[in-house]
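Letter 34 of the sequence shown, counting from 1, is numbered 34 in the numbering used here, and no numbers are missing.
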Amino acid sequence: MTLLDAYAIIGFLAGEPVADDVDLLIRRSESRMTTLGVAEVIDRMARLYDADPDDVAVDIATLGLESPTPLDLTTSVLAGRLRARHYHRTTRAVSMADCVLAATAQVTGEPLATSDPHLLGLCHDEGIPAIPLPGSDGSVWSPA
C-alpha cells in the first residue's frame with residue numbers, strides 16, 4: 001500500500017511531470033490518500049486551477065484508489081507533534097495535511113509518495129518511509 005500526498009494527485013490531475021509516476025503507483029500497487037488529503041486536493045484544484053470542486057471529487061473517485069485512511073486520535077496526536085517539531089514558515093512549511101499523512105505513514109509503516117520537499121525532509125528526519133516523486137520542474141528531492 002502506498003499513501004499518496006495531495007501534491008502527487010494534484011500533479012497527476014494537472015498533467016505535471018509527476019503524472020506518469022503517480023499513474024504507475026496507482027496501477028502497480030494499492031494506493032490511497034488520507035481523508036484530509038482528499039479535501040486538500042479539492043481545495044487546491046478549485047483555487048489554483050479554477051476546477052469545479054464537484055468535478056475534482058469525481059476525478060478522485062475514478063482513480064481506483066483504496067478507501068481514504070480515516071483520522072483517529074493516535075494519528076491526530078502524532079500529526080500535531082510532528083508539526084510542532086518541524087514547522088517553520090520558510091524552511092519547512094509543512095501543512096497539517098502533510099503531517100497527518102506523515103503520521104499515517106509512521107503508524108501504518110506504509111510509504112508515502114510526494115514531491116513536496118518540505119514533507120520529504122520531515123520524513124527523512126523522522127525515519128518515515130517515503131517515495132520522492134518529481135516536482136513541477138521535474139527535479140526529484142534528495143537529502144542534502
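Glycine included, C-beta positions come from ideal geometry on N, C-alpha and C.
Below 8 Å, too few C-beta pairs join the stretch 58-72 and the stretch 87-94 to call them touching: fewer than three. With a 10 Å radius around the Cβ and a threshold of 16 neighbouring Cβ atoms, Ser-115 comes out buried. In the DSSP assignment, His-88 is bridged to Arg-92.
Distance check between Ile-42 and each of Ala-130, Arg-85, Arg-28, Ala-6 places Ala-6 closest, using alpha-carbon atoms only. In this structure Gly-37 is buried. Its beta-carbon is surrounded by 16 or more other beta-carbon atoms within 10 angstroms. Pairing Ala-79 with Ala-93 gives a Cβ-Cβ distance that is not under 9 Å.
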